[in-house]
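Going letter by letter, the sequence shown gives residues 0 to 125 in numbering that gives the first Met the number 0.
Even glycine gets a Cβ: it sits at the ideal position worked out from N, Cα and C.
What you are looking at is a predicted structure, and each value in this text was computed from that prediction instead of being measured.
One structure below.
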Amino acid sequence: MKTFGTLTLIAAGAAMALTSGMALAQRDPAYQAARTAGQVGEQPDGYLGIVGAATPTLRALVNNINIQRKAKYTASAAAGATVEQMAFTSGCNLILQTVPGEKYLSPNGEWKTRTAAQPERDPRCV
């Protein structure tokens, strides 16, 4: 039986390729404006979250992106990891790919603004 750590390593390679292309594809003007304004941020679970008040437009944008992400995690999970493991590994990478000024959810559940320093990530991130 494979352990979570082993499967996380398996998922890491697939997720790195997945997240780099996914992050670029999601940089449409509305998404980029919401990131820049600090209205949305990356979460450790691999999904985009709303920081603060949620408008219907913002909620629709985030839901659409998260549906696309889940579909990609599900397709990639066929390589031997679960959807949750793919999402977690992608979350680790997406948080790492944030740039200064963008939001991310820290391991303690607090929304942080990325600085020039490395973001705080879950200790299980590889």
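Contact check for ILE64 against LEU57 fails: the beta carbons are separated by 8 Å or more. In the three-state reduction of the DSSP assignment, GLY90 falls in the helix class. Excluding the 5 residues flanking it on each side, ALA115 has same chain C-beta neighbours closer than 7 Å at PRO99, in chain order. For GLU119, same chain residues with a beta-carbon under 7 Å away, outside a window of 5 residues either side, are SER105, PRO106, LYS111 in chain order. Measuring C-alpha to C-alpha distances from ASP121 to each of ARG34, ALA74, ALA29, ASP44 identifies ASP44 as the nearest. Straight-line spacing of the CA atoms in TYR103 and GLY40 works out to 5 Å. Within the region 20-99, the runs of beta strand (DSSP E) at least 3 residues long that lie entirely inside it are, in chain order, 39-41, 47-49.
In this structure, the beta-carbon distance from THR73 to VAL61 does not fall below 8 Å.
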